[in-house]
Amino acid sequence: MDLLLHLAVVVAIYSIFALSLNVEIGYTGLFNFGHVAFFAIGAYTSALLTLSGAPFAVGLLAGLAAAGVCGYLLSIPALKLQGDYFGIATLGFGEILRMVVSNEVWLTKGPMGLPGIPRPEILGFIFDTLPAYLALSACMALTTFAILAFVVLSPFGRALKAVRDDETAAEILGKNALRFKIKSFVIGSTFAGLAGVLWAHYTTFISPGDFTLTETILVLLIVVMGGKGTLPGPVLGAVALIFFQESVRFLRLPPEWTRLLGPLQQMVFGLLLVVLMVFRPEGIIRERGGRHGD
Amino acid sequence: MDSISYYLQTALNGILAGCIYALFAMGLTLIYGVLNFVNFAHGELIMWGAYFLFLFMGEPFGLPLYAAIPPALALTGCLGVAMDFSVFRPLRWANRLTLLIAAMGLSVFLRNAAQFFWGAEVRTYGLEVSAGTRFFGLYLTMPQMAIILVTLLCVGAVYLLFFRSRLGKSMRALSDNLDLARISGIDTKRAILAAWVISAVLAAIGGILLALDTNLSPEMGIINLIKAFAATLIGGVGNLWGALLGGLLIGLAENLGVLFISPGYKDGIAFVIMVIILLARPYVIVGERSD
Amino acid sequence: MKNLSALVAVIAAFSFAAAPSAQAADTIKIGAAFALSGSIAVYGEGFKKCIDLAVEEINAKGGIKGKKIEIVYEDNKSNPKDCVTAVRKLITVDRVPVIFGPAGSSNFMATAPVAQENKVVLLSAQGAAVGLTRAGDYIFRVFPSDTLQGPHLARLAMSMGYKKVPVMYVNNDWGLGLKDAFVEAYKKMGGTVTDIIAYDEKKTDYRTELLRASRGNPPAIVNLTYINEGAVQFKQAFEMGIKTQWLCGSAARAPKMVELAGKAAEGVIGTYPSVPQNTKAYQAFKEAYKKKYGDDKIPIFGDYNYDMVYVTAKAIEKGGYTADGIRKALPQAAKGYKGVTGDKTFDAERSPKFAEYGIWTVKDGKIEDYRK
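Residue numbers (this note's numbering), protein chains in the order written: chain A, 1 to 294; chain B, 1001 to 1291; chain C, 2001 to 2372.
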C-alpha cells in the first residue's frame, strides 16, 4: 500500500536525522536544539545544485559537505558554551538559518519555496517511484546506521561517552574534550545534511516551512523516546512516533468532532510524553551501563 | 515625525517589548535557579493566565477587568503548583533532558487544551482601542504605561520577597544548593511551592499585559518564550536583576536593529547578542582552563 | 525485551485500525486536506462550513446521478510534511480521484507533485501564488492568481495620487508573491517604492516595523497583511499616532480583523477579487449559509470553496467518477459556469480566466465597497 511505503520513506529519512542527533545528544551530551538547520542546509544545497543542472551525486556530496562545514564553523564559538547555553545558541542558529532561507529570496526564492527538484538519478537509474525511493532511502539509512555504529563502538565512541559522563576526568586522561565534541558535532551535522538531501529529492518541493523548530523538537522526541545513547533507539523511535501520529488518522470519528480532534490528538501526544518521561525516561531501549538521573 | 522622537519612540517600543520579555524571564529564571531546569511549559502559564482572565470577563462570570484579575492570577498560580505536583515533583532527581522533554510534553498538552476549549482563533478582551497620549513627542497608551509600571512593581515585590523575607532566604539557599539546603533544615517543599506560585503569577501578569496590549491566542506564550530564554541566559541563571536587564537589552536591541538591518532578521538579533555576551563572560566559558 | 513486545503489540493494534474500512460504493467520495488543527485551523473551519453547505444542497437535490457526495476530511496540520501525508492518505487509503488541496500556497505546492504523479485531481480554492498550478495538468484552482491583483493594487495607489509608498508585507508565499507583483506594476506606472519591510507572521509586536514604514510621514503605506497581523498592526499604528492611508491586499478583508482592531481599522482600503454580492446566486448562498449556521458572516474564501464543490460535482457528473474523467470534464464543466464568485471558466494554466477586482474599505466597523 502506497501510504505505508510513503510512511516507510519518511521513517527512513527521519531515522537518519535522529541517528545523527543521537551522536550529539545521546553519545556526547551536546544539547543541539538547532539540528534542523543542518537538515535544511543539506536540502537546500542539493536542491539548488540539481535544479541548476548538476547531477544528483554532486548535489548529495555538496549537501553533506555544506552541512558538515557549517557544523564545524558553528561548533567553534558555540562549543565554548556549556549545557543549556549551548542549547539556546544552537536553537538561535536554527532560527537564523530559517530567516536566511526566507529572506535571501535571490538564492532560495524565500517563502515561495523551490519546486520541481529532480528525482535522484544514479548511473542512469531514476528513483522516481515509491518502492525505488524507499530502497534508496533505506540503503542510505542502513549505511548511516553502519557508519555510526562503527563510530560509536570504536575507541572514539567510548571517548565521547567519557566526555559526556565526566568531562574533567576525560581531560585528565589526556583527551581533549573540546576536540571530541567538535568532531561529534561535525559528524552529526553531516548526517543531518544527508537526511535533508533525501527529503528534498523525495518531496521535490521544499520551503522554509519544512525547517521549523517543530522539526527539531520532533527529532529530539524520536531520539529520547527510542532511547538516547543506544544504536537502535532512534530508529525504533522514528517508527513508533511517525506511526503513532499517523494512526490517529484512521480512528473513525463523527465529522462534527474534527474541529476538536486536532487539538485532542496533540493533547494525547503531550500527555504521553509526560507519562513516558515520568515512568520510563530512558526511552524504549535502555542504554547499557548508562548513567541516569544525574 | 522628526528624527529624535523617531529614535526615542523606537527605544520606547524596545522598552515595552523588553518589559514583557523580562516578566517572562523572571518567572523562568526563578524556577531555573531553584530547581535547575528550563521550564519549557512556562509559555503555557503565560497563555493560560491571559485566557483565565478572558474566562472571568466572559459569560457566565461577566466580571469587569479589575475584578477578574485576582481570580485569574490565583488560578494560574494553582496551575503552576499543579504542574509541579503532577509532573516535576516525580522528576525532581531526573536528568535535564528528561525534564526538558516532560516540560515540552506538558507545553503541547496545555497549548492544545486551550485550543480545545477556546478554539484556534485570536480573541480580544474587547476593550476600546485608544490613541496614545503624547509625552514629549512620544505616544504612550494606558496598557503600555501599565506594562512599564507593573514590571517595575513586580521587580520590586519579588526583590523584597527574595531578599527581605525568610521564605526568600530559603529559596535562595535552594538556588545555591538543593541538597545542602535540605540538610540544613530548610523547608524545601514550602520554598519550592512558593517558587512555583511566584513564577506562575509572574507569567500570568505578563500574559495578561501582553494580551491587553495585543490579542489572545493559544500561541501567544510560546512565540515569546524563546526570547525569554535568551534573556534568562544573558542575565545569568537565577538572577532576577539579570532577567530584567536581559529582557530590556533584547527588546531594545531588536527594535533599534529593525531601523538599520532588513526587518526580516529581527528575531535573529536576540540570539546574536546573547551569544556575543555569553562568549564575553568568562564564567560560562569552558575550554582552555588555567587551573 | 518486554517493552519491545509491548511496542510491537501497540503497532499491531494500530495496523488493524489502519485496515481500510468497508468501502461504501454508493457514495461519491471527495478528499479534503484541510488545516483542522494548528494555528490556521480557524481558516480550515470556515472552508469546511461552506463546503459542507454545498454538499448538503447537492445531496438534497439527489446528489450526482443519485449518489450522495461524501467529503473525507484529513487534517494537514498546516505544515508541508503533514500536507503531503494527508494527501497521500486520501489517494491511497480512501482512493479518491479528486482532492480539495490545503490552503497556503507553499503547503499546496508541496502536495501538487504527489497528486500529479498519482494522477489525482487537486483543486485549490484560495491559493493566489503565481505558478501554483504548474506542477501539471491535474492541478486546478478556482481562485484568481495574484499576477492579476498586484497591478490592480498599483493602479489603486496611483489613482489616489500616491506616487511614493513604502511597502510592508507578511513574509510568506502569499505576501512575497503579491509584493513582487505590486512592485513590478507600480514601478512600471512610474511609482517609487521608498522602503520594503518584510515581517514574520504571528508576532505580537510590530511597532518598530510600523515606525520605520512611517518615517517621513508618507501619505500612504502599502501593507500586504493577514487578519490577525493586520489587526495588531493597525492597532499599534493607531496608538503611536501614525496617520496614513493603509492600502492592503485581499487577505486582511475579514470581519474578524475589524473586530480585533476596532476603530483603528477605520478607513483602511484594499483590493480583493470581487464577488458581486448583489447577484441572485450570492444572495441565495448567503441566505442558505445563514439558515444553516445562524449568522451571515461568510468566512474568508468560503464562497470560493462553495463554488469549488459545485464545479467539481458538475465535472463528476459529466466526466464520470474517475480522475481522468474529472480532469477532462473540469474545463467544460466550468466554462461559462456562473457561480457565487462569478464566471469560473479556466484559462490554459487551469486558473480562473476572469477575475474582477473590487476595492474594500472599513467604514463604521463594517467592511464595505469603497466609493470615492
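Using N, Cα and C, we set each Cβ at its ideal position, and we do this for glycine too. Note that the structure is a prediction, hence the values are computed from the model and not measured.
Would you kindly report the start and end of the unbroken beta strand (DSSP E) that includes residue i?
i, result
"C/G2066", "Element bounds for C/G2066: n/a, residue is neither H nor E."
"C/N2223", "2220 to 2224"
"C/I2227", "Taken as a continuous stretch (DSSP letters only), C/I2227 belongs to no beta strand (DSSP E), being part of the alpha helix (DSSP H) at 2227 to 2239."
"C/F2034", "2027 to 2034"
"C/V1978", "The requested residue 1978 of chain C is not part of the displayed model; chain C covers only 2001 to 2372."
"A/T168", "Careful: A/T168 lies outside any beta strand (DSSP E), inside the alpha helix (DSSP H) at 167 to 172."
"C/D2369", "2366 to 2369"
"C/P2273", "2269 to 2273"
"C/I2099", "2098 to 2100"
"A/Y202", "No beta strand (DSSP E) contains A/Y202, which is instead part of the alpha helix (DSSP H) from 177 to 203."
List, in order along the chain, the chain C residues whose C-beta lies closer than 9 Å to that of residue i?
i, result
"A/H6", "V2084, T2085, R2088, K2089, T2092, V2114"
"A/G188", "Under the 9 Å cutoff, chain C gives no residues; its nearest Cβ is about 21 Å from A/G188."
Near residue i, which residues of its chain fall below 7 Å by C-beta distance, leaving aside the five closest residues on each side in sequence?
i, result
"B/Q1202", "As written in the sequence, residue 1202 of chain B is Leu, which differs from the Gln given in the question. Taken in chain order, the residues that qualify are L1023, M1026, G1027, C1154."
"A/E246", "L7"
"B/T1010", "N1255, L1256, L1259"
"C/P2219", "Y2162, T2244, Q2245"
"C/A2024", "Note that C/A2024 has pLDDT 48, beneath the 50 cutoff, so the model's placement of it is unreliable and the number below is only indicative. Around C/A2024: no qualifying Cβ."
"A/S189", "F38, A67, G68, C70, G71"
Name the chain A residues that come within less than 9 Å of residue i, Cβ to Cβ?
i, result
"C/P2080", "G113, T203, F205, I206, S207, G209, D210"
"B/M1047", "Within chain A, no residue comes near B/M1047; the closest Cβ sits about 13 Å away, beyond 9 Å."
Along the chain, where does the alpha helix (DSSP H) that runs through residue i open and close?
i, result
"C/S2124", "Not the alpha helix (DSSP H): C/S2124 falls in the beta strand (DSSP E), residues 2121 to 2124."
"C/K2164", "Premise fails: C/K2164 lies in the beta strand (DSSP E), 2164 to 2170, not in any alpha helix (DSSP H)."
"B/E1044", "1042 to 1057"
"A/I134", "This sequence places Leu at residue 134 of chain A; Ile is not what is there. Element bounds for A/L134: 130 to 153."
"B/L1193", "1188 to 1213"
"A/G2", "The sequence as given places Asp at residue 2 of chain A; Gly does not occur at that position. That run of the alpha helix (DSSP H) goes 2 to 22."
"C/T2312", "2302 to 2319"
"C/P2113", "2105 to 2117"
"C/F2140", "Where C/F2140 is concerned, there is no enclosing alpha helix (DSSP H), although the beta strand (DSSP E) it sits in stretches over 2139 to 2141."
"C/Y2282", "2280 to 2293"
"A/G71", "56 to 78"
"B/L1034", "Note that residue 1034 of chain B corresponds to Val in the displayed sequence, not to Leu. It spans 1003 to 1035 - the alpha helix (DSSP H) in which B/V1034 sits, taken as one unbroken run."
"C/K2256", "2255 to 2261"
"A/Y85", "83 to 103"
Which residues of chain C have a Cβ atom closer than 8 Å to the Cβ of residue i, listed in chain order?
i, result
"A/Q266", "S2037"
"B/N1239", "Near B/N1239 there are no residues of chain C at all, since even the closest Cβ is about 25 Å away, more than 8 Å."
"B/Y1006", "L2211, R2215"
"A/L261", "L2036, S2037, D2075"
Among residues of its own chain, excluding the 5 on either side of residue i, which ones have a beta-carbon nearer than 8 Å to its beta-carbon?
i, result
"A/Y27", "V152, G157, L160, K161, R164, S184, G229"
"A/T212", "V36, R98"
"B/I1148", "I1015, L1016, C1019"
Please compile the residues from chain B whose C-beta is within a distance smaller than 9 Å of the C-beta of residue i.
i, result
"A/F269", "G1105, V1108, F1109, N1112"
For residue i, which residues of its own chain have a beta-carbon under 6 Å away from its beta-carbon, when the five flanking residues on both sides are left out?
i, result
"C/A2135", "A2112, P2113, Q2116"
"C/V2121", "V2098, Y2138, A2323, I2326, R2327"
Could you tell me which chain C residues have their CB closer than 7 Å to the CB of residue i, listed as they occur along the chain?
i, result
"A/S102", "N2171"
"B/T1010", "T2208, L2211"
List the residues of chain A whose Cβ lies closer than 7 Å to the Cβ of residue i, in chain order.
i, result
"B/Y1265", "M99, N103"
"B/G1268", "E95, I96, M99"
Run through chain B and tell me which residues come within less than 8 Å of residue i, C-beta to C-beta.
i, result
"C/V2232", "T1214, N1215"
In chain A, which residues lie less than 8 Å from residue i when you measure between Cβ atoms?
i, result
"B/M1274", "I88, A89, G92"
Kindly list, in the order they appear in chain B, the residues whose Cβ is closer than 7 Å to that of residue i.
i, result
"C/K2263", "V1129"
- Secondary structure, alpha helix (DSSP H): runs of 4+ residues fully inside the region 216 to 267 of chain A: 233 to 247
- Mind pulling the alpha helix (DSSP H) runs of 4 or more residues that sit fully within the region 1091 to 1173 of chain B? 1096 to 1118, 1142 to 1164
- Between the region 1215 to 1232 of chain B and chain C, which residues of the former have CB atoms less than 9 Å from a CB of the latter, in chain order? Correct list: N1215, S1217, P1218, E1219, M1220, I1223, N1224.
- Given a limit of 9 Å on CB to CB distance, which residues of the region 2096 to 2115 of chain C reach chain A? G2104, S2105, S2106, N2107, M2109, A2110, T2111, A2112, P2113, V2114
- Message: Against chain B, which members of the region 80 to 94 of chain A pass a CB distance test of less than 9 Å?
- Response: Residues K80, L81, Q82, G83, D84, Y85, G87, I88, A89, L91, G92, F93.
- Message: Please list, in chain order, the residues of the region 2 to 28 of chain A that have any C-beta partner in chain C closer than 7 Å.
- Response: Listed by position, the residues of the region 2 to 28 of chain A near chain C (Cβ gap below 7 Å) are D2, L3, H6.
- Query: When you check each C-beta in the region 1125 to 1141 of chain B against every C-beta of chain C, which residues fall closer than 8 Å?
  - Reply: Residues of the region 1125 to 1141 of chain B with a Cβ closer than 8 Å to any Cβ of chain C, in chain order: E1128, V1129, S1130, A1131, G1132, R1134, Y1139, T1141.
- Task: Mind checking the region 1028 to 1056 of chain B against chain A and listing, in chain order, the residues whose C-beta falls within less than 9 Å of any C-beta there?
- Result: Y1032, F1037, V1038
- Message: So if I threshold CB-CB distances at 8 Å, which residues from the region 2204 to 2215 of chain C count as touching chain B?
- Response: T2204, D2205, R2207, T2208, E2209, L2211, R2212, S2214, R2215
- With 7 Å as the limit, tell me which residues of the region 2234 to 2249 of chain C have their beta carbon closer than that to any beta carbon of chain B; keep them in chain order. K2235, F2238, E2239, M2240, G2241
- Item | Contact residues within the region 2332 to 2344 of chain C, judged by C-beta distance below 9 Å to chain B | none
- Along the region 2185 to 2205 of chain C, what residues have a CB closer than 8 Å to any CB found in chain B? I2197, A2198, Y2199, D2200, K2202, K2203, T2204, D2205
- Query: Got a sec: which bits of the region 1147 to 1179 of chain B sit with their beta carbon under 7 Å from any beta carbon on chain A, in order along the chain?
  - Reply: none
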